[in-house]
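In the UniProt record's numbering, the protein residues as written are 1 to 265. Heads up: the structure comes next, in structure tokens.
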Amino acid sequence: MSITPALKAASRSAYRDVLRAASTTFAGDRPVLQAFRTKIRSDLTKNPLTDPEAYQKQTLFIREVADVLRQNIVQGVKVENGHGQDLYRVRLTKDTELGDNDSIKTPPPMESSRSMRRKEKGQSENPLLGAVPPEAESTSSPPPRFFSALKKAHKERVIPELREEDLEESFVRGMGGQSINKTENNVQLLHKPTGIRVSCQDTRSLSQNRKIARKWLLEKLDKLANPGLSKEGMKAAKQRERERQRRKKAKKKEKLKSLETEGVD
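In structure tokens, the structure reads:
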């Protein structure tokens with residue numbers, strides 16, 4: 001389908017509207033105004049659209065840009081105060097959207113663009129929904145600070161469930177020696193709810209590589225669902241605890257040596 005005259009007229013109207021909005025918002029700032037005009041003109045002419053639906057979406061987007069320029073963009077104007085200090089006054093227009101103190105202190109919750117895109121695609125707001133048990137989703141508190149409490153939390157954590165219906169598995173020819181190249185033993189797993197992908201060709205055995213790939217994928221899901229409490233997180237925490245104990249012993253040894261030196265003196 002070609003672009004109809006009505007769509008072209010709507011696009012021209014939106015283009016003129018965004019230019020007028022820029023002229024109002026950036027009045028008195030010629031460099032910024034010129035840069036914006038060049039940018040919007042370049043974006044619209046660089047890749048001309050031929051699909052009517054995409055053309056209409058572009059027109060709506062230009063309208064939204066014009067609304068943002070009018071309502072949400074303000075500039076500071078430098079003013080003289082007679083004391084040698086640089087002061088700026090915010091220049092508001094009749095279209096500038098103003099809010100009261102209550103709306104600033106306690107703003108209403110806003111949905112992220114990412115979750116909105118997921119809802120448009122019919123997906124769940126939580127990418128781990130179904131992969132993580134419900135009791136694990138409610139744990140949003142940060143991991144404990146002390147290693148003893150961290151170990152306890154690690155043991156009590158809820159490990160995600162790896163369900164076969166959530167996996168997309170494929171086998172490709174491995175890269176390496178001739179014995180690997182001849183067989184399709186490279187296992188590639190895609191976890192559809194989260195988009196996490198793993199690939200394994202550690203062994204010549206296809207069944208063994210499938211087990212290893214699932215193990216790796218489960219570790220990644222565990223890390224995503226239990227930040228700081230997964231096996232990988234515990235390894236890092238254990239290493240930090242060893243370093244802390246080593247520094248503590250070295251400091252204690254240095255203090256004893258200092259006391260012995262003072263006693264001799």
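Even for Gly, the Cβ is constructed at its ideal location relative to N, Cα and C.
Burial state of residue i (16 or more Cβ within 10 Å)
i    : result
Y55  : buried
P227 : exposed
E135 : Only weak support is given to the placement of E135: the predicted model assigns it a pLDDT of 44, under 50, and the value that follows is read from those uncertain coordinates. Looking at its Cβ environment, which holds fewer than 16 other Cβ atoms inside 10 Å, E135 is exposed.
R246 : exposed
Q34  : exposed
L129 : Residue confidence for L129 is low, a pLDDT of 45 falling below 50, so the modelled location carries little weight and cannot support an answer.
L221 : buried
K252 : exposed
N47  : exposed
V77  : exposed
V32  : exposed
P52  : exposed
V172 : exposed
R225 : Before going further, note that residue 225 is Ala rather than Arg in the sequence given. By the 10 Å Cβ count, A225 comes out buried.
T194 : buried
A237 : buried
A250 : exposed
Selected residue, minimal CA-CA separation from residue i, among the options
i    : options               : result
I212 : P48, V198, R63        : V198
I196 : R157, L167, A237, S11 : L167
H191 : R214, K238, L60       : R214
L223 : S170, R157, R242      : According to the sequence provided, residue 223 is Lys. The question's Leu does not apply to it. Ranking S170, R157, R242 by Cα distance to K223 puts R157 first.
L49  : A225, A236, S2        : S2
C200 : R240, N185, P193      : N185
E232 : S11, R244, W216, E243 : W216
D67  : K255, S207, R16, D202 : R16
R242 : S148, S11, S23        : S148
L87  : N209, Q75, T45, L98   : Q75
Beta-ladder partner(s) of residue i, from DSSP
i    : result
K78  : Y88
N186 : V172
S199 : Q188
L167 : H191
Whether residue i touches residue j by CB criterion (9 Å)
i    : j    : result
T96  : Q71  : yes
G28  : R89  : no
L218 : P160 : yes
A21  : V65  : yes
I40  : I62  : yes
S170 : Q188 : yes
M234 : L162 : no
L60  : A9   : no
Inter-residue CB distance, residue i and residue j (contact presumed, cutoff 8 Å)
i           : j   : result
L69         : T4  : Not a contact, Cβ separation roughly 27 Å.
residue 269 : R37 : Residue 269 lies beyond the residue range present for the chain, which begins at 1 and ends at 265; the question has no answer from this structure.
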